Amino acid sequence: MKNIIILLFLIASVKAQQTPAIQSQILDLNNISIGVNSDGSAIINNYYLAGLWKNQPVIYEHGPWLAGKINDTLKTAFIQWASHFTPGLLNKTAFADSAEYHVFKIGRADDITNPDYYNWPFELGAPGDKSGNPLVYGDLMTWNVFNGAYANPGYNNYWDQFISNMGMPVEIRQIVFQRNTSEFENTVFYQWELLNRSSYTIDSMYFSFWSDLDFGETFQNFPAVDSSLGLAYCWSPIDSVYYYYPDKRKIDISPGYVLLQGPEENDSILPVTAFHPIGDDSWGGWERIAWDPLEIFKLSKGLKPDGSPVINPFTNKATAFPYNGNPVDSTGWLFDYNRTGGGAGVLFSSGPFSMEADETQMIRMAFIVGHGDDHLDAVRDLKSKAAFLKATPFDQIAMIEKNPVIPENFINVLPNFPNPFNSATTIRIDLKTASDIQITLFDNLGRFLKTVHSGFHLKGESFIAVDMSSFASGVYFYRIESRDKVFTRKMLLLR
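Going from the sequence shown to this note's numbering is simple: count from 1 and add 982.
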């Protein structure tokens, strides 16, 4: 396995020749419709937008950024309209157009009649409960896995010139979910589990989140930050009128992102450490997008694209939080242009931190649409909701147990094959350390049928044949016990 990981890192700066097809889902609950794509992006092709609030545009596109150094060489993976992530795990030397890397979508009331519930990818790292069923976050959720190790340049190959700094050997397991209650309306929750799949330490690392927000009068989307809440948002200086619609319907909203849990460094959870405002994608000043990987790193640290510090004109001191004033009472430093462009948005960052080989980091965030009777009331509502979410335990928001069962890395349980099958199938396991393995069989009501295997296995891949010739057609479950971990999987016998 170590050789595979090293090989993956070596090819991380090579342009992808064949990557999995991008698959999409839409979460549509409690006033927000949001896209979730298998490469970490969110744009909904039928709408050419990533998010809508009450069927009206609010997000054009958004997504995470990763930036850090490996052996003093800058590496990045990011979404800035185009995604530079690839669907799937980071444990293969080639990527295939495989259905297992799609976005799985399940709801709290679902059962095996939902194909995504039935085929829940435990073997890819999707969470399960103690009974071996999919662990549902909120009322409606998606789960997918993507990675940043294989550079996937976009913009008609614009990023090819920076290929040596593109590619991050990190696997990302993403959960996006919504709640269907009034206290969590107009909100979408995100959880990312980052895994360093290389044999190297990544240091000086930053997690950032970029968004192109489009709402109301698009040229009046002013970027701002509330550093005390860890909230990056856009607001309008006027009561907005939607120019997309012939009836010019009035809408007063303020959308933003609040960091609920940052990365960990030295036993401390990091807050939002920097904010970068974006006035437009085409502006020549400092309030713009990144044009190369080095600028991505600088913006993540709270610097201007040229690496110089941002100076607060009210204090004449350097700051990582420009436009940290309060538009509600018009105090402090506020966005001081009379308009923005169509690419206006926000970028917030948390770091620096380091990731040793095989280390994980957990990051959580919420997207909120504040709304009210006027444009400033919308900001009040946004900040009130952000404060409420910051004070609410995440497991309570997600309606999950305190410590959900997430498969550990020392064992990888691969899908049995064939499945469905006739009479016999093979169970595959891949151990990173030697372990005793026991496999037991249950019917679809959870009744024990027999122990199909019990024995000691050395490190590496094992194939265990299962004879089902004496059983009738139907759905069966097999439970795999190894050391202190238990996995439950489904299989279908067809005569």
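Where a beta carbon is used, it is the ideal one built from N, C-alpha and C, also for glycine.
Just so it is clear, the structure is predicted and the values come from calculations on it, not from any experiment.
Residue of the options minimising C-alpha distance to residue i
i     : options                       : result
A1049 : F1257, E1165, P1334 and A1256 : P1334
A1032 : L1195, D1274 and H1066        : L1195
N1426 : I1220, N1178 and I1094        : I1094
N1147 : T1374, H1435 and D1054        : D1054
H1084 : K1414, S1065 and L1106        : L1106
D1234 : N1027, G1022, H1439 and E1199 : E1199
G1325 : D1363, G1352 and F1197        : F1197
G1238 : T1255, G1261, G1244 and L1211 : L1211
K1414 : I1260, K1112, M1150 and V1395 : V1395
F1403 : L1371, L1276, P1375 and V1448 : V1448
S1264 : G1149, T1322 and F1060        : T1322
Q1007 : W1268, L1072, R1090 and L1122 : L1122
L1479 : F1060, G1120 and P1097        : Outside the displayed range of the chain (983 to 1477) lies residue 1479, so it cannot be described from this structure.
CA-to-CA distance, residue j to residue i, given in whole angstroms
i     : j     : result
E1341 : M1187 : 13 angstroms
M1473 : S1405 : 12 angstroms
L1241 : Y1319 : 27 angstroms
W1125 : F1086 : 5 angstroms
Y1458 : K1441 : 28 angstroms
Y1224 : S1218 : Note on Y1224: pLDDT 49, under 50, position unreliable in the model; the coordinate value appears next. So the two alpha carbons sit approximately 12 angstroms from each other.
H1357 : N1203 : 11 angstroms
I1088 : V1468 : 22 angstroms
S1015 : K1057 : 33 angstroms
E1246 : R1461 : 34 angstroms
I1278 : Q1062 : 10 angstroms
L1476 : S1451 : 11 angstroms
G1266 : N1401 : 56 angstroms
D1185 : S1436 : 43 angstroms
W1047 : N1115 : 32 angstroms
P1253 : F1189 : 11 angstroms
A1302 : G1017 : 30 angstroms
A1454 : F1430 : 15 angstroms
L1177 : D1249 : 17 angstroms
F1144 : D1092 : 45 angstroms
D1142 : N1129 : 18 angstroms
Q1343 : G1244 : 9 angstroms
I1041 : V1328 : 11 angstroms
I1052 : G1045 : 23 angstroms
Beta carbon of residue i nearer than 9 angstroms to that of residue j
i     : j     : result
I1154 : V1118 : no
F1104 : F1191 : no
I1421 : T1433 : yes
D1208 : Y1215 : yes
V1152 : M1337 : yes
F1166 : N1012 : yes
S1236 : A1360 : yes
P1069 : S1020 : yes
L1213 : L1423 : no
L1281 : A1256 : yes
P1259 : P1205 : yes
I1419 : I1446 : yes
F941  : G1110 : With the chain running from 983 to 1477 in the structure shown, residue 941 is simply not present.
Y1182 : A1339 : yes
W1315 : N1298 : no
R1346 : V1310 : no
I1350 : T1169 : yes
Counted within 10 angstroms of its Cβ, other Cβ atoms place residue i as buried (16 or more) or exposed
i     : result
N1391 : Note that N1391 scores a pLDDT of 48, beneath 50, so its modelled location is shaky and nothing firm can be said.
E1043 : buried
N1027 : exposed
S1332 : buried
T1470 : buried
S1312 : exposed
Q1173 : buried
R1179 : buried
K1283 : buried
N1398 : buried
G1428 : exposed
I1251 : exposed
K1036 : exposed
F1317 : buried
A1003 : exposed
A1373 : exposed
S1464 : buried
L992  : Here L992 scores only 35 on pLDDT, less than 50, and its place in the model should not be relied on; the value that follows carries that caveat. Burial call: exposed.
D1296 : Inspection of the sequence shows that residue 1296 is occupied by Phe rather than by Asp. When all chains shown are included, F1296 counts as exposed.
S1164 : exposed
P1097 : exposed
P1039 : buried
D1262 : buried
F1060 : buried
Any chain D beta carbon closer than 9 angstroms to residue i
i     : result
S1164 : The chain inventory of the structure shown lacks chain D, comprising one protein chain alone.
Mind the definition here: the stretch 1284 to 1299 touches the stretch 1263 to 1275 only if three or more C-beta pairs lie below 8 angstroms; say whether that holds. yes
Given 8 angstroms as the limit, is there contact between the stretch 1156 to 1165 and the stretch 1295 to 1311, that is, 3 or more CB pairs closer than that? no
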